[in-house]
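Residue numbers for the sequence shown follow our numbering, beginning at 12 and rising by one.
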Amino acid sequence: MKVEVSNRRSVFAELKNYCMHSSDHDYIEVTEWSNGEGYDILIDRKRGMERFSLSYGEWELLQVLLNWKGE
Numbered sequence: 012m013k014v015e016v017s018n019r020r021s022v023f024a025e026l027k028n029y030c031m032h033s034s035d036h037d038y039i040e041v042t043e044w045s046n047g048e049g050y051d052i053l054i055d056r057k058r059g060m061e062r063f064s065l066s067y068g069e070w071e072l073l074q075v076l077l078n079w080k081g082e
């Protein structure tokens, strides 16, 4: 069995300065997958925690859809 150890890159920010619905200590953390092909996203807020993963392609399409202005 081959075991690999990696250091995953992660960024973190509190939501309070970005979302008027957030409370103190609410935050988002995004961690890049070890293979570089996607992200784990953690949103922790007063109403509960959400965790999901997106491949790089899913992330790219999400950005396209969020910036879509219509035809």
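Backbone N, C-alpha and C define an ideal beta-carbon position, used for all residues, glycine too.
Query: Can you tell me which of S66, L77, M31 puts its alpha carbon nearest to the alpha carbon of G47?; Result: S66
Query: Please classify Y50: is it buried, with 16 or more other beta-carbons within 10 angstroms of its beta-carbon, or exposed?; Result: buried
Query: What is the DSSP secondary structure of V16, reduced to helix, strand or coil?; Result: coil
Query: Compute the distance between the beta-carbons of E43 and R20, then report whether it is under 7 Å.; Result: yes
Query: Taking the alpha-carbon of D37 as reference, which of R56, C30, F23, I52 has the nearest alpha-carbon?; Result: R56
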